[in-house]
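Peer 1:
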Amino acid sequence: MNKPKPRSVVSILDLTTDEINGLMNVADDIENNPDKYREKCKHKILSTIFFEPSTRTRLSFEAAMLSLGGSVISTADSQSSSAAKGESISDTVKVISNYADIIAMRHPKEGAPVVGAMKADVPVINAGDGGHFHPTQTLADLLTIRRTKGALSNLVIGLCGDLMFGRTVHSLIEAMLRYPNNKYVMIAPSELRLPEYIREELDKAGVDWEETESLEYAMPKLDVLYMTRVQKERFFNEEDYVRLKDTYILDEEKLKTAKPDLAILHPLPRVNEISVSVDDDPRAKYFYQTLCGKQMRMALIMFLLGIK
Amino acid sequence: MNIDGVSNGIVLDHIKAGKSMIVYDYLKLSKLDCCVALIQNCQSKKFGRKDIVKIDELIDLDLDVLGYIDPNITVNYVKDNKLFEKKHVALPETLTNVIKCKNPRCITSTEQELPHIFKLADRENRVYRCAYCDAVGHTKGIK
Chain X
14 MNKPKPRSVV SILDLTTDEI NGLMNVADDI ENNPDKYREK CKHKILSTIF
64 FEPSTRTRLS FEAAMLSLGG SVISTADSQS SSAAKGESIS DTVKVISNYA
114 DIIAMRHPKE GAPVVGAMKA DVPVINAGDG GHFHPTQTLA DLLTIRRTKG
164 ALSNLVIGLC GDLMFGRTVH SLIEAMLRYP NNKYVMIAPS ELRLPEYIRE
214 ELDKAGVDWE ETESLEYAMP KLDVLYMTRV QKERFFNEED YVRLKDTYIL
264 DEEKLKTAKP DLAILHPLPR VNEISVSVDD DPRAKYFYQT LCGKQMRMAL
314 IMFLLGIK
Chain D
14 MNIDGVSNGI VLDHIKAGKS MIVYDYLKLS KLDCCVALIQ NCQSKKFGRK
64 DIVKIDELID LDLDVLGYID PNITVNYVKD NKLFEKKHVA LPETLTNVIK
114 CKNPRCITST EQELPHIFKL ADRENRVYRC AYCDAVGHTK GIK
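Residue numbers (the working numbering), protein chains in the order written: chain X, 14 to 321; chain D, 14 to 156.
1) Counting only the same chain and skipping the five closest in sequence on each side, list residues whose C-beta sits under 7 Å from that of X:Tyr-261.
2) Which residues mark the beginning and the end of the beta strand (DSSP E) in which X:Val-237 is found?
3) Between which residues of its own chain and X:Pro-121 is the CB-CB distance below 8 Å, once the five residues before and five after are set aside?
4) Kindly indicate which three-state DSSP category X:Tyr-210 falls into: helix, strand or coil?
5) Output the boundary residues of the beta strand (DSSP E) element that contains D:His-27.
6) Please say whether X:Val-182 and X:Lys-234 have beta carbons closer to each other than 8 Å?
7) What whole-angstrom Cβ distance do X:Leu-275 and X:Tyr-299 have, given they're in contact under 8 Å?
8) Which of the three DSSP states, helix, strand or coil, is assigned to X:His-120?
9) How would you call X:Tyr-230, buried or exposed, if buried means at least 16 neighbouring beta carbons within 10 angstroms?
10) Just reading off the alpha helix (DSSP H) that X:Val-108 is part of, what are its end residues?
11) Would you say the segment 99-116 of chain X touches the segment 128-148 of chain X, given that touching needs at least three Cβ pairs under 8 Å?
12) Report the neighbours of X:Ser-101 on chain D: residues whose CB is nearer than 8 Å to its CB, in chain order.
13) Taking buried to mean at least 16 other C-beta atoms within 10 Å of its own C-beta, is X:Thr-149 buried or exposed?
14) D:His-101 bridges to which residues according to DSSP?
15) Could you check whether the Cβ of X:Glu-123 sits closer than 8 Å to any Cβ belonging to chain D?
16) Please report the straight-line C-alpha distance between X:Glu-214 and X:Met-189, rounded to a whole angstrom.
17) Given a limit of 8 Å on CB to CB distance, which residues of the segment 102-113 of chain D reach chain X?
18) Restricting to runs no shorter than 3 residues, where is the beta strand (DSSP E) found entirely within the segment 131-195 of chain X?
19) Using beta-carbon positions only, say whether X:Ala-125 and X:Ser-21 come within less than 8 Å of one another.
20) For X:His-183, go through chain D and note every residue whose CB falls closer than 7 Å to its CB, in chain order.
21) Checking 8 Å against the spacing of the C-beta atoms, do X:Leu-238 and X:Gly-171 come in under that value?
22) Taking D:Leu-25 as the reference, give the member of D:Leu-51, D:Lys-113, D:Lys-41 with the closest Cα.
23) Taking the alpha-carbon of X:Pro-17 as reference, which of X:Tyr-254, X:Lys-132, X:Leu-155 has the nearest alpha-carbon?
24) DSSP three-state label for D:Asn-3, please.
25) Within 8 Å of any Cβ in chain D, is that where the Cβ of X:Val-22 sits?
26) Measuring alpha carbon to alpha carbon, tell me which of X:Met-315, X:Gln-302, X:Met-309 ends up nearest X:Thr-161.
27) Please report the straight-line C-alpha distance between X:Leu-81 and X:Leu-28, rounded to a whole angstrom.
28) Drop a sphere of 10 angstroms on the beta-carbon of D:Ile-68, count the other beta-carbons inside from all chains shown, and report buried for 16 or more, exposed for fewer.
29) Find out if the Cβ-Cβ distance for the pair D:Pro-84, D:Val-102 is shorter than 8 Å.
30) Counting beta carbon pairs with one atom in the segment 105-116 of chain D and one in the segment 42-51 of chain D, are three or more of them shorter than 8 Å?
31) Got a sec: is the Cβ-Cβ distance from D:Arg-142 to anything in chain X below 8 Å?
32) Less than 8 Å between the C-beta atoms of X:Leu-155 and X:Ile-33, yes or no?
33) So the beta strand (DSSP E) D:Ile-65 belongs to, where does it begin and stop?
34) Using only CA atoms, which one of X:Leu-79, X:Glu-123, X:Gly-163 lies nearest to D:Tyr-145?
35) Along the chain, where does the alpha helix (DSSP H) containing X:Arg-71 start, and where does it finish?
36) Whole angstroms are fine: how far does the CA of D:Asp-73 sit from the CA of X:Lys-258?
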């Protein structure tokens, strides 16, 4: 007899607002009472199957499971996995379902975790599928904003850099639209402005938002600044890239007009879009964001395994 | 112009004028051994002009495909020269293996055995999105 499929999280839309809020409450409790959680996932196994290289996301998932007292099994890298021999995702997850209680999966192809979730007998968490979704990054972003600003509403949020291809930006907007009374300032060169369907979504939601090419213009208004990298290969010609690249590098000079309680976020890895000199500024929250990411992954693993 | 009625078969009526060939292709009617008639640009009280397809055999039809091509199509089942069932199609919520995802980054581009599944994302504008990668469905000849 076929068992019902367990709950998986492929997109941030797979979680209700109440569930997201609940996960953030658990993450806060993990922060305050870490001892309570040390054996929550004892005898449970997480399998991280990463079909493309990743350092921080994989380590974050593994650290999350180990902090819950569980164990981790994973392939050394995508080249040594069975996928390199041509095994389908469907076969891979069916086999791993017999070894592990939960799977975290990264794949370069968009929608691969959907296939994983359809075929696996254990919960699957999307740990990034190409330029498509990365829901646990969004959970990390939300928790960082809530902890640093005290709430997820009544904020002016600036999103800066590559807004066209930045999947983290798109997911964050979709998630933040669930919370009331936020304003958005989209800061990007015209080549990398927000895709039309997301601009339409913002209009449809009736929120207050504006677009600008100038980070200096936006800076004084912002409560949150979410930085992303402007990549050279996204430009049609090099001249435009050279003209614009420094505009979107955050440094102490540009921060002079910022609010004293601004929160600066970045999904990392950073290349040069935030000057190292900003790291010591108390407004820089991007390293703290990775701690929030680990705690949200802990909360999500427990939630999907039905552990309270 | 006279075309014989169907004694045991199916009449697809109220097809938007000019779309009968699309219906013929999507339903793969060329593979049938029975008689199939395509009638184009008939007079229609409802639509002014319409197409009709007559199939001289009671075959299993994929009504989702018809609903996707044109939700106004009516399907008439005829047995012993009598109409015994009439069905109205609707825009389906899900399409399986009707259209293919063209996104080269989609998992369906490398895992060939996966069914191509599309979900209705916007009923008003008849937009379908790939169930895997969310790319908008390619609606060749449909709209």
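Note that CB positions come from ideal geometry on N, CA and C, so glycine has one too.
Peer 2: Taking the definition as stated:
1) Excluding positions up to five away in sequence, the list reads Cys-173, Gly-174, Leu-228, Val-243, Glu-286.
2) Taken as a continuous stretch (DSSP letters only), the beta strand (DSSP E) holding X:Val-237 covers 237-240.
3) Correct list, in chain order: Phe-64, Glu-65, Asp-142, Gly-143.
4) Note: X:Tyr-210 maps to helix in three-state DSSP.
5) 22-29 is the span of the beta strand (DSSP E), which, as asked, contains D:His-27.
6) No, the pair does not count as a contact, with Cβ atoms beyond the cut-off.
7) About 12 Å separates the beta carbon of X:Leu-275 from that of X:Tyr-299, a gap too long to meet the 8 Å contact definition.
8) Reduced to three states, the DSSP call for X:His-120 is strand.
9) X:Tyr-230 should be labelled exposed.
10) Counted as a single uninterrupted DSSP element, the alpha helix (DSSP H) harbouring X:Val-108 occupies residues 102-109.
11) The segment 99-116 of chain X and the segment 128-148 of chain X touch, with no fewer than 3 CB-CB distances between them shorter than 8 Å.
12) The answer, in chain order, is Glu-124, Glu-126.
13) Of the other Cβ atoms in all chains shown, 16 or more fall within 10 Å of the Cβ of X:Thr-149; this residue is therefore buried.
14) Beta-bridge pairing links D:His-101 to D:Thr-87.
15) With 8 Å as the cut-off, X:Glu-123 counts as an interface residue toward chain D.
16) Straight-line Cα distance between these residues: approximately 12 Å.
17) Taking 8 Å as the cut-off between beta carbons, none of the residues of the segment 102-113 of chain D comes near chain X.
18) Correct list: 137-142, 169-173.
19) No, the pair does not count as a contact, with Cβ atoms beyond the cut-off.
20) In chain order: nothing, as chain D lies at least about 11 Å away.
21) Yes. Within cutoff.
22) Of the listed residues, the one whose Cα sits closest to D:Leu-25 is D:Leu-51.
23) Comparing Cα positions, the closest option is X:Lys-132.
24) Since the first and last residues shown for chain D are 14 and 156, residue 3 of chain D lies out of range.
25) The Cβ of X:Val-22 sits no closer than 8 Å to any Cβ of chain D.
26) Nearest to X:Thr-161 by alpha-carbon distance, out of X:Met-315, X:Gln-302, X:Met-309, is X:Gln-302.
27) Roughly 22 Å separates the two Cα atoms.
28) Residue burial annotation: D:Ile-68 is buried, with at least 16 other C-beta atoms found within 10 angstroms of its C-beta.
29) Note that the C-beta distance between D:Pro-84 and D:Val-102 is below 8 Å.
30) Cβ pair count under 8 Å is below three, so no.
31) Not an interface residue.
32) Yes, the pair counts as a contact, with Cβ atoms nearer than the cut-off.
33) Per DSSP, the continuous beta strand (DSSP E) segment holding D:Ile-65 begins and ends at 61-68.
34) Looking at the Cα atoms, X:Glu-123 is the closest of the given residues.
35) Its alpha helix (DSSP H) spans residues 69-80.
36) Using only the alpha carbons, I get a separation of about 60 Å.
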